[in-house]
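Residues -10 to 398 (the working numbering) are what the sequence shown spells out, left to right.
No residue lacks a Cβ here, since even glycine has one placed at the ideal position from N, Cα and C.
Keep in mind that this is a model prediction, so the values were computed, not measured.
Below: the structure, in structure tokens.
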Amino acid sequence: MNNTPTPHELRAGLVKQLRDQNAIRTDRIADVIGSVPREVFAPEASPADAYDPNRAVVTKRDPHGLAISSVSAANIQAVMLEQGDPRPGETVLEIGSGGMNAAYLAELVAPGGTVTTLDIDPEVTDRARRLLADTGYAGVHVVTADAEYGAPDRAPYDLIEVTVGAPDIPPAWLDQLAPGGRIVVPLRLRGLMRSFLLVREGDHLVSHGYELCGFVPMQGAGEQREHLVLLHETPNEEVGLRLDDGDQVDIEALRGALASPRQEAWSGVTVGGEEPTHDLDLWLATAFDGHARLTATVAARDAGIVASASPLGVATLVVGGTFAYRTVRAVDDSRTRFELGAYGHGPAASAAASKLVDEIRTWDRKHRRGPGARIEIHPAATPDSRLPAGRVVDKTHSRISISWPGQQP
Ligand SMILES: C[S@@+](CC[C@H](N)C(=O)[O-])C[C@H]1O[C@@H](n2cnc3c(N)ncnc32)[C@H](O)[C@@H]1O
């Protein structure tokens, strides 16, 4: 007897898993993900991998092995479709083309809607065009272009869905968006990426929620990579700081700091082992002037150089030649609850660790059960007086204000 599941069974299984993960929230998205043949849009993968809800199928890497094109994991495709909520008759632009997500969009805007998908890479657009034609979605317009300039020919768009990590919002996206139109975009902000739903209000965009995500980086005119500075390096052991938004640090002083004994501070705030702390990370990223992410290899952690081995990095406060990073310690023998704290290194290690812990307590008191951050994205020339209160992150094209409304008493 052949136990290999049919594509139909794989699709039904995927929809169930995505509902269980709360990635699918509405029947419309369930119906579409339950009907488009993923296995045809990801011929590079086995059917089981194509229908793995959490697995992206990498279709292209750069000479260093970094993934630069993929068919995104079904989980994040579903989440972003829920965020953007494409409606019948709408005009949609997808930035970053794999074919699969464009097919989902085409189903959702039918009847009467149009989908344009653009990619900077002609190999990617050739592949997408072929797969879309093979599966009956030849009506999707496939354009080879740099996202920095959008796709003016079919503008204005009701929805722009960006499926590549964006360091900024280019002016073309706002110009090509209809009044009240939406952008769903994986935006990198202070080293963290979140998929924001942004709604156009006149000359600016206002967030209406965000979700955790990870995406390949933007190429072309808008490319702005994070940079990594190494504080410690042997063949196996590596400790570094990831910096974003052009931030600079005193590398020599911080190398010396890492070599000095650490100081610790504990918050009294505990979290369950499975409890997400993404919003705490976003809070810490916006709370400090000097924010970085400490990354380390497992060997560096095992050698006791730092207490964390996160490849994406943990929230770190940098003040001159001192830094302090977020850590946890188990509060019970079964290791199900953890207290949040900080380790500091450098001349002001205790003060930096205490400051980080103070912000953990503020998050716990005021924001832990709140609605999260709200961002507004204004053109780069906007004066301070026109920005809402809160931290402002200046990018090349935009000024992004981040505030935390709905504070708990
Ligand atoms: C994650 S893939 C897109 C996935 C796709 N939407 C799907 O169906 O799952 C991201 C794509 O963005 C493209 N990309 C990167 N920088 C770009 C730019 N400046 N303009 C247009 N496309 C870009 C890459 O070539 C890559 O194919």
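So, at 7 Å on beta carbons, what are the nonlocal neighbours of residue i in its own chain, with the 5 sequence-adjacent residues on each side left out?
{"i": "V218", "result": "G229, L230, L232, V238, I240"}
{"i": "A34", "result": "V46"}
{"i": "A337", "result": "V308, T311"}
{"i": "A167", "result": "P145, Y146, D147"}
{"i": "R118", "result": "V131"}
{"i": "S249", "result": "H334, G335"}
{"i": "L3", "result": "I22, Y40, P42, A63"}
Whose C-alpha, out of the options, is nearest the C-alpha of residue i?
{"i": "G302", "options": "D347, L271, E96", "result": "L271"}
{"i": "R27", "options": "A288, G333, D135, R44", "result": "R44"}
{"i": "A134", "options": "G180, D108, I349", "result": "D108"}
{"i": "A67", "options": "G23, L148, R358", "result": "G23"}
{"i": "D115", "options": "E71, R143, P156, T48", "result": "T48"}
{"i": "R76", "options": "P206, A370, G102, H193", "result": "G102"}
{"i": "S61", "options": "E190, G169, D157, C202", "result": "C202"}
{"i": "I158", "options": "Q213, V113, W255", "result": "Q213"}
{"i": "T80", "options": "I294, P(-4), Q165", "result": "Q165"}
{"i": "L163", "options": "A331, A292, H386, F327", "result": "H386"}
{"i": "R282", "options": "D234, R326, E253", "result": "D234"}
{"i": "T284", "options": "L220, A340, P42, A161", "result": "L220"}
So, helix, strand or coil for residue i, using DSSP?
{"i": "G209", "result": "helix"}
{"i": "D108", "result": "strand"}
{"i": "F30", "result": "helix"}
{"i": "H356", "result": "helix"}
{"i": "W393", "result": "coil"}
{"i": "Q66", "result": "helix"}
{"i": "L82", "result": "strand"}
{"i": "P145", "result": "coil"}
{"i": "G2", "result": "helix"}
{"i": "I18", "result": "helix"}
{"i": "A292", "result": "coil"}
{"i": "D239", "result": "coil"}
{"i": "H(-3)", "result": "helix"}
{"i": "H53", "result": "coil"}
{"i": "V98", "result": "helix"}
{"i": "P159", "result": "coil"}
{"i": "Y126", "result": "coil"}
{"i": "G88", "result": "coil"}
{"i": "V346", "result": "helix"}
{"i": "A36", "result": "Checking the sequence shown, residue 36 turns out to be Pro, not Ala. Three-state DSSP puts P36 in a helix."}
{"i": "Q165", "result": "coil"}
Hey, how far is the Cα of residue i from the Cα of residue j?
{"i": "H356", "j": "F277", "result": "16 Å"}
{"i": "A274", "j": "Q6", "result": "32 Å"}
{"i": "D16", "j": "E83", "result": "22 Å"}
{"i": "E226", "j": "F312", "result": "19 Å"}
{"i": "R179", "j": "H280", "result": "7 Å"}
{"i": "R315", "j": "T223", "result": "24 Å"}
{"i": "T152", "j": "A95", "result": "16 Å"}
{"i": "V29", "j": "L120", "result": "7 Å"}
{"i": "S343", "j": "L306", "result": "11 Å"}
{"i": "I294", "j": "G139", "result": "46 Å"}
{"i": "V25", "j": "A127", "result": "14 Å"}
{"i": "P206", "j": "G154", "result": "5 Å"}
{"i": "E200", "j": "T351", "result": "22 Å"}
{"i": "V382", "j": "D373", "result": "12 Å"}
Whose C-beta lies closer than 6 Å to the C-beta of residue i among residues of the same chain, with five residues either side of it excluded?
{"i": "A242", "result": "G310"}
{"i": "H197", "result": "L186, V188"}
{"i": "R0", "result": "G23"}
{"i": "V113", "result": "S58, S86"}
{"i": "F204", "result": "V153, G154, P175"}
Residues in its own chain within less than 8 Å of residue i by CB, not counting five upstream and five downstream?
{"i": "L376", "result": "E365, H367, R388, S390"}
{"i": "V173", "result": "M69, Q72, G73, L148, I149, E150, V151, S184, F185, L186, L187"}
{"i": "G262", "result": "R324, T325, R326, F327"}
{"i": "A362", "result": "S196, Y199, D268, L271, W272, T275, I391, S392, W393"}
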